[in-house]
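Take the sequence shown: its position 119, counted from the start at 1, is 326 in my numbering, and no numbers get skipped. Cβ coordinates follow ideal geometry from the N, Cα and C atoms, glycine included. In this text, all values refer to a predicted model and were calculated from it rather than measured experimentally. Some notes on the structure that comes next.
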Amino acid sequence: MQTSTILPTMKLSERAKSIPPSITLAISAQVKELKAAGKDVIAFGAGEPDFDTPEKITNAAIEALRLGVTHYMPSSGTPEAREAIANKLRIENNIECTEANISINSGAKMSINLALMSILDPGKNQEVVVPTPAWVSYKPMIELAGGTMIEVPTSVDTGFKCTPEEIEAAITPNTKAIMLNTPSNPCGTMYAPDELRAIAVMLQKHPTVYILSDEIYDELIYSDIEHLSLGSIPEISHQVITINGLSKAYAMTGWRVGYACAPENVAKAMNTLQSQINTSITSFCYATIPVALEMKDEVEEMRKVFAKRAALMFELIQKWPNTECAQPTGAFYAFPKISYYYGKTTPAGTVIQDSVGFVQALLDETSVAVVPGTDFGGCGPDHIRLSFACSEDQIETGVSKICDWLSLFTT
Ligand code: PMP
Ligand code: GLU
């Protein structure tokens with residue numbers, strides 16, 4: 208007779224145990240599963256354009272594949288791709304840079320990880336100051352690199368923006384960097400140039416503090432506010448690491464192409480780390496970079512569609528009873544405050560405790576998927592995030608469904 212031995216479970220590192228899964232990706236995966244099971248879900252979860260990648264970009268990759276660009280590549284990338292990125296940053300963002308300042312990575316997520324690993328020393332109590340609510344991955348990425356995230360909480364009343372004084376109050380001798388994301392995920396708002404210039408004046412007093420400026424939504428703006436790159440301000444440009452990538456404006460989320468423009472020694476360190484971690488981005492994706500960065504008409508077409516959706520979603524959310532929402536002026540998110548409903552009862556009889564409970568009940572009772580604000584930090588637990596990277600029909604139906612649902616709550 209065979210006896211079965213019960214083997215002990217192998218132990219995980221404290222680091223692995225401390226990192227939560229990405230809620231934004233988890234919601235997208237849940238929606239895909241529900242749809243695959245035949246459920247008719249209206250999804251406002253995914254932070255990714257619903258457009259196909261423009262054909263010229265896809266063709267550039269196919270051409271590269273045909274030419275046999277399928278082998279290991281240098282960790283710093285191809286000179287053509289680096290030069291195309293430096294050229295975009297010089298012309299569109301007024302950042303003085305050369306290809307020596309550029310590191311090309313597997314998505315902007317990887318660029319942020321490599322930048323943090325290049326500037327933080329684990330075990331030395333180093334802090335990174337971040338206005339919150341902020342994108343869910345910042346905190347885990349800072350912690351994986353050995354730092355601690357220090358939050359500067361903001362609120363819907365100020366469009367989720369903080370003042371130079373509020374940021375400065377969070378700076379200590381342990382501060383290694385501040386991270387700013389404008390236009391913002393999840394808030395959908397952005398800083399005006401004057402507000403950024405005032406922050407830059409304050410940062411001049413802290414010349415050893417790095418500034419990680421996440422500008423991945425810089426081409427997705429829906430008001431007359433201009434995007435200003437902190438790296439274009441000469442007095443602080445030596446402190447700035449600009450993060451960007453092709454995922455959002457070029458509908459290329461799955462291609463995993465991100466980049467950083469950093470002081471030369473930092474860019475070099477990022478490329479060295481990359482050489483040990485994942486070598487480079489996928490070989491044939493380099494060829495897409497110069498093509499994508501030249502495609503201004505297609506990007507403008509997509510921006511115009513997003514702008515219409517932003518206006519429609521905001522108009523419909525304003526009809527929701529007892530909620531507050533800042534007008535989305537960039538990226539593709541609205542971030543309404545829904546905490547009035549905590550402690551109240553849904554039409555199907557569930558008492559809502561928090562944002563996570565709200566989102567679950569909404570999905571169960573109306574088949575509309577949104578992201579709970581909890582993991583974005585700060586006042587996030589009082590909010591939900593809706594992405595408007597979906598059709599106007601879906602916005603019309605889904606956002607109105609939420610309105611009807613909210614009006615049937617009881618106390
Ligand atoms: N920064 C922000 C603010 C984001 O919302 C995202 C979304 N994924 C990223 C960086 C990373 O983008 P990716 O890795 O897809 O290039
Ligand atoms: N950034 C997007 C979002 O917030 C994509 C998912 C992710 O990488 O978090 O939905």
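In whole angstroms, give me the CA-to-CA distance for residue i and residue j.
i, j, result
"V248", "S598", "13 Å"
"A405", "E373", "12 Å"
"I443", "N451", "18 Å"
"T365", "K346", "23 Å"
"L500", "H434", "17 Å"
"I357", "N332", "11 Å"
"T212", "K224", "26 Å"
"A267", "K503", "16 Å"
"G580", "V276", "42 Å"
"I298", "S439", "11 Å"
"E508", "P215", "56 Å"
"D565", "D257", "This sequence places Phe at residue 565; Asp is not what is there. Their Cα atoms are separated by approximately 25 Å."
"P393", "C532", "12 Å"
"A399", "T361", "16 Å"
"P371", "V416", "14 Å"
"F616", "I602", "22 Å"
"S220", "A538", "36 Å"
"S482", "T379", "33 Å"
"R516", "A456", "15 Å"
"N301", "A293", "10 Å"
"N308", "A469", "5 Å"
"I264", "Q560", "46 Å"
"D431", "M397", "11 Å"
"K412", "G465", "30 Å"
"D571", "H590", "18 Å"
"E287", "C304", "15 Å"
"K246", "Y547", "29 Å"
"Q446", "D600", "44 Å"
"I514", "G395", "It should be pointed out that residue 514 corresponds to Ala in this sequence rather than to Ile. One C-alpha to the other measures close to 12 Å."
"L193", "I609", "Nothing in the structure corresponds to residue 193, since the chain is present only between 208 and 618."
"K475", "E522", "46 Å"
"E240", "Q567", "15 Å"
"V336", "C586", "16 Å"
"L410", "E262", "42 Å"
"T285", "K295", "16 Å"
"Q534", "S310", "34 Å"
"D619", "A377", "No information on residue 619 is available, as it lies outside the stretch 208 to 618 that the chain covers here."
"E471", "P228", "33 Å"
"E350", "Y549", "31 Å"
"K218", "A250", "37 Å"
So, are the CB atoms of residue i and residue j less than 8 Å apart?
i, j, result
"S454", "I423", "yes"
"R463", "G252", "no"
"E290", "E306", "yes"
"K526", "T618", "no"
"M317", "Y493", "no"
"M520", "L593", "yes"
"M477", "A467", "yes"
"I418", "T536", "no"
"P497", "I524", "no"
"W612", "P528", "no"
"I448", "N312", "no"
"Q545", "T530", "Looking at the sequence shown, residue 545 is not Gln but Ile. Yes, the Cβ-Cβ distance between I545 and T530 is below 8 Å."
"G584", "P340", "yes"
"S282", "T486", "yes"
"A352", "N320", "yes"
"L694", "M348", "Because the chain spans 208 through 618 in this model, residue 694 falls outside it and cannot be assessed."
"G254", "A541", "no"
"V343", "I230", "yes"
"E426", "V506", "yes"
"V473", "A322", "yes"
"P338", "V359", "yes"
"P588", "S607", "no"
"G354", "E334", "yes"
"S614", "H278", "no"
For the ligand NAD, is there a heavy atom less than 7 Å away from the beta-carbon of residue i?
i, result
"T231", "With respect to the ligand NAD, the structure offers nothing, as its ligand set consists of the ligand PMP and the ligand GLU."
Quiz: which residues have CB nearer than 6 Å to the ligand PMP non-hydrogen atoms: G254, G314, A315, K316, W342, N388, N392, D421, I423, G452, S454, T460, G465
The stretch 231 to 238 in contact with the stretch 574 to 594 per 3-pair CB rule at 8 Å: yes
Inter-stretch contact (C-beta, 8 Å, three-pair minimum) for the stretch 324 to 332 and the stretch 380 to 390: yes
Cβ contact (3+ pairs, closer than 8 Å) linking the stretch 396 to 411 and the stretch 256 to 273: no
Length at least 4, wholly inside the stretch 582 to 617: the alpha helix (DSSP H) runs in chain order: 599 to 614
Beta strand (DSSP E) runs contained entirely in the stretch 322 to 408, provided each spans 3 or more residues: 334 to 339, 355 to 360, 382 to 388
Length at least 3, wholly inside the stretch 445 to 491: the beta strand (DSSP E) runs in chain order: 447 to 452, 465 to 468
Uninterrupted alpha helix (DSSP H) stretches inside the stretch 284 to 311 (no shorter than 4 residues): 286 to 300
Contiguous alpha helix (DSSP H) assignments of at least 4 residues, all confined to the stretch 257 to 282: Correct list: 262 to 273.
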